[in-house]
Structure formats: C-alpha cells, structure tokens
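Engineer:
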Amino acid sequence: MVTFVKGDMFKSPAQVLTNTVNCVGVMGAGVALEFKNRHPMMFEDYKAKCDRGEVQPGQPYLWEDDSVQILNFPTKRDWRNDSAFQDIEDGLKHLANSYAAMGIQSIAMPALGCGLGGLDWTDVRPLIEKHLGPLPDLDVYVYEPQAAASKKSGQHDRDANDTACSRKISAHPNEL
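First residue of the sequence shown? That's 4 in the numbering used here, and the numbers climb one at a time after it.
So this is what it looks like as structure tokens:
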C-alpha cells in the first residue's frame with residue numbers, strides 16, 4: 004500500500020528510509036546531504052561502492068547498521084545532471100522485485116528524482132503507485148515535495164528555492 008504524506012521523512016515509522024543518490028559518490032545537497040550528515044558511515048560505504056563502480060542506475064541497495072536501514076536509491080547518474088525518468092522506473096522495478104529478499108516490510112521515500120533531480124512530481128507519482136502500490140505486504144510512505152503539498156492545500160509555494168524532494172527537514176541546524 005502506498006500512502007502519500009507530508010512532514011519529516013526522518014521521523015517516519017517505516018523500517019527503511021530511502022536516500023536519493025547519484026552514482027559518482029557525492030552527497031552535497033538536498034536529502035542526500037542530510038543522510039550524509041546523519042549517517043557518515045553509510046556515506047563512506049556508498050562512496051567506496053561508487054569508486055568501485057558498484058552504484059548503478061536502476062539498482063537501489065540496502066545499507067544497514069544497528070540503528071538504521073537505508074535504501075540508497077540512485078536517481079541520477081551524476082550530481083551535475085538531471086534525473087532520468089527511466090532510471091527511476093528501473094529502480095522501482097528493482098525494488099518491487101527485491102524488497103522481500105531484503106526483508107523490507109515498510110519504507111519511507113521522498114519524491115524520487117524531483118527537486119534537485121528536475122523531474123515533475125506529476126510524472127513520478129504514478130510510477131510509484133504502479134510499481135509499489137500492488138505489493139500487498141509492503142507499506143510505502145511517500146513524502147511529497149513541498150510545492151506539491153502546498154498547492155494541494157491551496158497555499159502558495161513560500162520558498163521557490165527549496166529544492167529538497169521531501170518537506171524541509173529542519174528549520175534550524177541545531178534541531179538535527
């Protein structure tokens with residue numbers, strides 16, 4: 004079941020949190036930077052995998068330690084480029100085919116490839132519904148882009164420069 008929500012993905016009740024990554028080992032902005040800051044060991048592992056050419060579009064992979072499970076989901080080949088629609092779809096297909104083997108029962112994710120990735124949420128949302136919606140034993144919490152959530156509620160987008168895919172994670176660095 005797919006549920007679209009607003010709020011802070013890092014406070015999700017889901018077993019697994021999804022980190023949107025590129026394939027070159029850089030987590031310099033948006034959701035990925037927040038993951039890097041919160042989980043430096045995950046970043047080191049991801050960077051090493053990128054250096055070895057192991058992080059590829061369409062092949063999300065699970066990283067875990069004693070306290071957290073993170074699905075690193077490649078949404079861009081290079082941080083300098085926009086996300087490719089086909090890479091998002093291939094990654095969703097991979098997740099749909101492998102979540103049970105990875106032991107994933109619930110997962111939270113931002114709007115994959117939107118924001119810094121440049122894809123339109125109205126195109127990506129149906130992909131998530133198509134590939135993850137029919138899975139009866141997987142609970143998916145999708146944190147909609149802030150602009151989409153604001154427009155739904157009739158509010159104007161107050162921060163046109165906010166490029167994070169999920170709602171703003173924290174207003175103040177001290178709250179992290």
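Beta carbons are placed, not taken as given, at the ideal position from N, Cα and C, and that holds for glycine.
Model, not experiment: these values are computed from the prediction.
Examine the ligand COA and report whether any of its heavy atoms sits within less than 6 Å of the Cβ of ILE73.
Structural biologist: Among the components modelled here there is no ligand, and therefore nothing to report on the ligand COA.
Engineer: Let me check one thing: in DSSP terms, what residues is THR23 bridge-paired to?
Structural biologist: Counted from its first residue, the sequence shown places residue 23 at position 20. Partner(s): PHE76.
Engineer: If you draw a straight line from the alpha carbon of CYS117 to that of THR23, how long is it in whole angstroms?
Structural biologist: One-based indexing of the sequence shown puts residue 117 at position 114. One-based indexing of the sequence shown puts residue 23 at position 20. If you take the alpha carbons of CYS117 and THR23, they lie about 10 Å apart.
Engineer: Are the beta-carbon atoms of PRO148 and ALA114 separated by less than 7 Å?
Structural biologist: The residue you call residue 148 lines up with position 145 of the sequence shown. The residue you call residue 114 lines up with position 111 of the sequence shown. Closer than 7 Å, so yes.
Engineer: Output needed for MET44: all residues of its chain with C-beta closer than 7 Å, excluding positions within five of it in sequence on either side, in chain order.
Structural biologist: One-based indexing of the sequence shown puts residue 44 at position 41. ASP68.
Engineer: What residues in its chain sit with their C-beta under 8 Å from that of LYS96, if we drop five residues either side in the sequence?
Structural biologist: Here residue 96 refers to the residue found at position 93 when the sequence shown is read from its first residue. Cβ neighbours of LYS96 beyond the five flanking positions: GLY61, HIS134.
Engineer: Should ASP81 go down as buried or exposed, given a rule of 16 or more other Cβ atoms within 10 Å for buried?
Structural biologist: Counting from one through the sequence shown, the residue named residue 81 turns up at place 78. Label assigned to ASP81: exposed.
Engineer: Sorted by chain position, which residues of the same chain lie with C-beta nearer than 6 Å to ALA17's C-beta, five sequence neighbours on each side aside?
Structural biologist: In the sequence shown, residue 17 corresponds to position 14, counting from 1. So the list reads SER109, ILE110, ALA111, TYR144, once near-sequence residues are dropped.
Engineer: Are the CB atoms of THR21 and PHE76 nearer to each other than 7 Å?
Structural biologist: Position 18 of the sequence shown, counting from 1, holds the residue named residue 21. Position 73 of the sequence shown, counting from 1, holds the residue named residue 76. In contact: THR21 and PHE76 (Cβ atoms closer than 7 Å).
Engineer: Closer than 6 Å by C-beta to PHE38: which residues in its own chain qualify, once you throw out the five before and the five after it? Chain order, please.
Structural biologist: For the purposes of this step, residue 38 is identified with residue 35 of the sequence shown, where counting begins at 1. Correct list, in chain order: ASN22.
Engineer: What residue does the alpha helix (DSSP H) around ASP93 start on, and which one ends it?
Structural biologist: Taking the sequence shown and counting its residues from 1, the one referred to as residue 93 is at position 90. Start and end: 88–101.
Engineer: Does ASP85 come out as helix, strand or coil in the three-state DSSP assignment?
Structural biologist: Along the sequence shown, one-based indexing puts residue 85 at 82. Three-state result, ASP85: coil.
Engineer: To the nearest angstrom, report how far apart GLY136 and ILE107 are at their CA atoms.
Structural biologist: As a working note, residue 136 is residue 133 in the sequence shown. As a working note, residue 107 is residue 104 in the sequence shown. So the two alpha carbons sit approximately 15 Å from each other.
Engineer: Decide if ARG83 is buried, meaning its Cβ has at least 16 other Cβ atoms within 10 Å, or exposed.
Structural biologist: Numbered from 1 along the sequence shown, position 80 holds the residue referred to as residue 83. So ARG83 counts as exposed.
Engineer: Apart from the five residues on each side of it in sequence, which residues of its chain come closer than 7 Å, Cβ to Cβ, to GLN158?
Structural biologist: Locating residue 158 in the sequence shown gives position 155, where the first residue counts as 1. A caution first: GLN158 carries a pLDDT of 36, below 50, which makes its placement in the model too unreliable to give a value.
Engineer: According to DSSP, simplified to helix, strand and coil, what is MET112?
Structural biologist: By one-based count along the sequence shown, residue 112 stands at place 109. Three-state result, MET112: strand.
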